[in-house]
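Worksheet: one structure, shown below.
6 protein chains.
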Amino acid sequence: MLVEFGGTRVLCTASVTEGVPRWRKGSGLGWVTAEYAMLPRATNTRSDRESVKGRVGGRTHEISRLIGRSLRASIDLKALGENSIVLDCDVLQADGGTRTAAITGAYVALHDAVGWLAARKSLAGKPEKVMHRSVAAVSVGVIAGEARLDLCYEEDVAAEVDMNVVCTGAGDFVEVQGTGEAGVFARDQLDALLDLAVAGCAELAEAQRKALA
Amino acid sequence: MLVEFGGTRVLCTASVTEGVPRWRKGSGLGWVTAEYAMLPRATNTRSDRESVKGRVGGRTHEISRLIGRSLRASIDLKALGENSIVLDCDVLQADGGTRTAAITGAYVALHDAVGWLAARKSLAGKPEKVMHRSVAAVSVGVIAGEARLDLCYEEDVAAEVDMNVVCTGAGDFVEVQGTGEAGVFARDQLDALLDLAVAGCAELAEAQRKALA
Amino acid sequence: MLVEFGGTRVLCTASVTEGVPRWRKGSGLGWVTAEYAMLPRATNTRSDRESVKGRVGGRTHEISRLIGRSLRASIDLKALGENSIVLDCDVLQADGGTRTAAITGAYVALHDAVGWLAARKSLAGKPEKVMHRSVAAVSVGVIAGEARLDLCYEEDVAAEVDMNVVCTGAGDFVEVQGTGEAGVFARDQLDALLDLAVAGCAELAEAQRKALA
Amino acid sequence: MLVEFGGTRVLCTASVTEGVPRWRKGSGLGWVTAEYAMLPRATNTRSDRESVKGRVGGRTHEISRLIGRSLRASIDLKALGENSIVLDCDVLQADGGTRTAAITGAYVALHDAVGWLAARKSLAGKPEKVMHRSVAAVSVGVIAGEARLDLCYEEDVAAEVDMNVVCTGAGDFVEVQGTGEAGVFARDQLDALLDLAVAGCAELAEAQRKALA
Amino acid sequence: MLVEFGGTRVLCTASVTEGVPRWRKGSGLGWVTAEYAMLPRATNTRSDRESVKGRVGGRTHEISRLIGRSLRASIDLKALGENSIVLDCDVLQADGGTRTAAITGAYVALHDAVGWLAARKSLAGKPEKVMHRSVAAVSVGVIAGEARLDLCYEEDVAAEVDMNVVCTGAGDFVEVQGTGEAGVFARDQLDALLDLAVAGCAELAEAQRKALA
Amino acid sequence: MLVEFGGTRVLCTASVTEGVPRWRKGSGLGWVTAEYAMLPRATNTRSDRESVKGRVGGRTHEISRLIGRSLRASIDLKALGENSIVLDCDVLQADGGTRTAAITGAYVALHDAVGWLAARKSLAGKPEKVMHRSVAAVSVGVIAGEARLDLCYEEDVAAEVDMNVVCTGAGDFVEVQGTGEAGVFARDQLDALLDLAVAGCAELAEAQRKALA
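This is how it looks when you write it as structure tokens:
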């Protein structure tokens, strides 16, 4: 599925394989992992391909791990049974918030993949128990002293504080990552950002429900 | 730009940089190169990312080189002047003929990039002399003894002979690559394939003219 | 310098080079970066060397970037002038909290390096302005529903929520990274963890002041 | 065996292993693959070793794949049975036409290897059915408007069109690869090149028959 | 264990795994291998990490192989049985003679590991037969025409001849490696160096006996 | 030049470049380095290409470094001036003693290259001063308790002690590397091996003189 948030477009797909990696065999648990990448011309200035450079960069690694962790929070790996799902999030066009768009879109792709497994009767648990929580993510930031939701690329560069928040549909936190890019932040700023993020995630959870209905 | 041929969708972009690689500096000549890649889920079965494997595969290398060579035939590198253009061809969905779709689409992207350079007055020669030939490509093959144009994935797998042909708008050949995948082929079969390919390329050249008008 | 927290021992060193990487030349700004690594037998079970595997893993990349970002918050890169400092954090023995120990120790090593540059009169700004904030970090987590400071390895594995917090000596936040490893967390849990972390960092800031005195 | 064509010298060897790669096990089919490489000083100017650069270049990959494909056309993989043969083609000295010399020489090495397997009674089919076609290859080109056979390095560089043709002993095509290096080519030029190539391959097929007798 | 010789400090650890690499399975023989590495700031000038460069350098490879070979001379691999031991030698601080210090320390670590296996009754032979020889190593050199034992870094750089000698506790040679770094050496110089080395190794053997008692 | 010793055949070439690597510029000194490699089928059992594996193995690195060190002992780098010479030693066929054959052959190739530079008047010093010593190398070993010169592959495998010795034409040592492959060795055995090696090198020095005359 193609997720669009402002100028950001991310292609999210889920690929199912029967069985799990060797280190997990016989555990009765499934596995969900993610790979994030950007096309070289997703940004305004072309960046070199990581395949050509021969190594995956630190930023790519970090985001792939974040997406995988976030999505594993949405699924009961025991009920999934020994199946593996790879979530590919490829950024076709980037204008801020690519990692949070990827998480939000990957949840829908993962839900579809679980539905496909349910139709094939390949799940270990009851289908409705497998996806036990929805997850969605937003980026928030402080610009000129003010808390803001969904920064575009130009705002992101200008932000004093930059925060990515992953929430469940019930409003709990899965992951909170805040960085003082160009400075530090006080507790009340952090609180304002968290309020904004929780509200933003609630809207996305609603949109996900509609998309899956 | 996004090229679509049947079930095949390729995103072709051109990125311009002033200057040329070090080995070409001072030559007065520009440089055009191409990079081809497939998203992991472009095909029906997910394939591993080359960035994760840490090396670009032989097939990817081979196709990138073919696209680069074909497009260099369309442009007068002296009139381009010391500018570099990278053509990125990323296959979002693959159903046969991805390399020929990439060449056909990359021509349009290259033409646009040259137009952009012309508008900035950054070309060494007259704008109308830079793109001195159009190029387009088709795949043809022999299936059950019969010559066929534009094979989809299933036909491609079944083909006894598989051929990629790159032609100019004037009907000359830029590149001819024919392989007896599951057998060998006689001279008359080769002739029939070439006739079919030349006609197919002529249609594409017409479509390119319209797209650029 | 060798930092010890419980069973965790990290060797932190700062290496100074005159000049900055090419992309930063002429900016008048210095550069601080960090590299984190674990000896193969730092943990109870030997892990393969990343040099032998031929690539730096995602976790290593992620932690190196976190350390670099955190330490750059402590230093005025303009006052540093065009000098580069690499912070090497090598874990000799790991028992939880290696990344936060590395940040806390690297701050002292960085401070020493700046002192050395001051003695050589190689700083662009006034020595006392270069290290404009102290930074220290702690790990906190929720175990059996209760917020806890400085998790050892066994606690870390058992934690439902795991959070790393980097604070300045003045009590502001530099970085907040919380993950629901085995579940999700509510706002009040997050608040309790942040309180604990801020208090922990204040103690470390005091210890750093003594070590540098 | 050492193949010499003009100033080009290629060492071609075939190495037999019992069994096939994992993905082919149980298919009853054998496997033939090829690896092409140049010694660093095969050319007049030393080129860096690919082992030192840590990656096989695009040209090397492309030629290795061409040799493998061409030789698989000469052998009945079912009659070969589950045996693997690697064809190593190492260029000691290069003066044009290294890939076509490699194919022509590798055919003789492959034939010998099959003879060795026959002597050990390790073939699945009748020995005389395994090598069901001979293959040989030539390079042809257009220089100063004229079709020419077996270009040496200097001619190759000067050629307007460069074509490699692989034929069977019966005169059918296995592979046709023509490139307008410095221009494009018309249908009648292509026809003249193909005529020349077919005649050249026929001579080589005769030479192969003698070498194997 | 941490070995210190003058300004050189090497951390030597032994890690035991049941079973042996695939190529050795069923042989009844154990396997001992070593990995040597330097922390980036072990020397006075920081060197780049091999993990970041993506490849293990020639010098590192060479020393790792030397340590492995030397230690295998001390152990009866049949009596060890199908167990694998990896010896990690990480140089924390380097001031000459790091490879010989590593060998001397790794012997003690290996002895301890064998003791641990003996306590678990996991050895194939009698415990006292497994470590059938002690090994220790020294570096010797010629400086200003004179033979010298245990060169520190500055002496090592100035040495005309540089030699590493590995001896058993009984005074036999396991390995002799002499290099005329800045010149060549005559037979009588070689003899003087060997005498000095044998005496130095005897002292180390005595120290090892005490450390293990 | 092609060196043959028994069943061992090594192709040794010297490639000259004007100038030296960056770290040596302005020193007035030249540079000599060596690269050793084996064709995959040089041995009886095919070994994988290091280019395909993506990394140069430890043994290859070690031998390349030994050859480079040995040859640098034969040349006055100041008299060479700022020129670089790469010695490529490619083993076409291996039957023991490949590294010593490579050193002996590379000396002749290096001498020729210096002659070529002399003819072009590109040396910094007097031509006759550049190659100030000849070097040659032999392998010796102990088999069944007896010292032996020039071990072939089968003897090499069976040897209890294996030693490579590099000598100058004047009978001094450049490098001595002795290993107790399957055991240890006493001082008198070492002495016997050195005697044998010195005599063997003297014969090679004579052969080199003839080849160059």
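Protein chains in written order, with the UniProt record's numbering: chain A, 1 to 213; chain B, 1 to 213; chain C, 1 to 213; chain D, 1 to 213; chain E, 1 to 213; chain F, 1 to 213.
Cβ coordinates follow ideal geometry from the N, Cα and C atoms, glycine included.
None of these values were measured; they are calculated from a predicted model.
First through last residue of the alpha helix (DSSP H) which encompasses Tyr197(A): For the record, residue 197(A) in the displayed sequence is Ala; it is not Tyr. Looking at the DSSP string, the run of the alpha helix (DSSP H) that includes Ala197(A) is Arg187 to Leu212.
Contact residues within the segment 149-161 of chain C, judged by C-beta distance below 8 Å to chain A: none
7 Å Cβ shell around Leu117(C) - same chain, five flanking residues per side excluded: Val16, Asn83 and Leu123
Neighbour flag for Gln177(D) against chain B, beta carbons, 8 Å: yes
Distance, Val135(C) Cα to Leu212(C) Cα: 13 Å
Per DSSP, the bridge partner or partners of Thr98(A): Answer is none; Thr98(A) lacks a bridge partner.
Expected contact under 8 Å - CB spacing of Leu87(A) and Cys12(A) to nearest Å: 7 Å
Ile75(B): first and last residue of the uninterrupted beta strand (DSSP E) it sits in: No beta strand (DSSP E) contains Ile75(B), which DSSP labels as neither H nor E.
beta-carbon Asn164(A) near the ligand FAD non-hydrogen atom, thresh 7 Å: Of the ligands one can find in the structure shown there are none, so the ligand FAD has no counterpart to examine.
Under the three-state DSSP convention, the category Ala159(E) falls into: coil
Inter-residue Cα distance where the pair is Ile85(E) and Ala14(E): 6 Å
Proximity of Leu193(D) and Val138(D) at Cβ, strictly below 8 Å: no
Chain A residues whose Cβ lies nearer than 7 Å to that of Val56(B): Ser51 and Val52
Residues sharing a beta bridge with Asp90(D), DSSP: Leu11(D) and Ala37(D)
Minimum Cβ-Cβ distance from Asp90(C) to chain E less than 8 Å: yes
Check whether Ala73(A) and Val3(A) have beta carbons under 8 Å apart: no
Neighbouring residues, chain D, relative to Val140(B) (Cβ below 8 Å): Here the premise fails: no neighbours, minimum Cβ distance about 13 Å.
Any C-beta of chain D under 8 Å from that of Glu35(F): yes
CB contact check: Ser15(F) to chain D, cutoff 8 Å: yes
Closest residue to Gln93(C) among Arg9(C), Asp188(C), Arg187(C) and Arg209(C) (Cα-Cα distance): Arg9(C)
Cβ contact (3+ pairs, closer than 8 Å) linking the segment 53-70 of chain A and the segment 41-61 of chain B: yes
Boundaries of the alpha helix (DSSP H) in which Ser51(F) is found, first to last residue: Glu50 to Lys53
Beta carbon of Ser64(D) nearer than 8 Å to that of Ala34(D): yes
Straight-line gap, Met1(F) to Val157(E) (C-alpha atoms, nearest Å): 35 Å
Chain-ordered residues of the segment 73-90 of chain E with a beta carbon less than 8 Å from chain C: Val86, Asp88 and Asp90
Alpha-carbon to alpha-carbon, Leu149(F) and Leu196(F): 7 Å
CA-to-CA distance, His132(C) to Ile75(C), given in whole angstroms: 6 Å
Close Cβ partners of Gly30(F) (< 7 Å) along its chain, the five nearest in sequence each way excluded: Val20, Leu77, Leu80, Gly81, Glu82, Asn83 and Ser84
Limits of the beta strand (DSSP E) - the one that Val174(A) falls within: Phe173 to Thr179
Under 7 Å by beta carbon: chain B residues contacting Ala186(D): Asp172
Val130(D), enclosing alpha helix (DSSP H) - first and last residue: Pro127 to Val130
Simplified DSSP assignment, three categories, for Glu82(A): coil
Nearest-angstrom Cβ-Cβ length linking Val176(D) and Val161(D), presumed shorter than 8 Å: Val176(D) to Val161(D), Cβ: 12 Å. No contact.
From Thr104(D), Tyr107(D), Ser70(D) and Gly171(D), residue whose alpha carbon lies closest to that of Glu181(B): Ser70(D)
CB contact flag (Gly171(C), Ala202(C), <8 Å): yes
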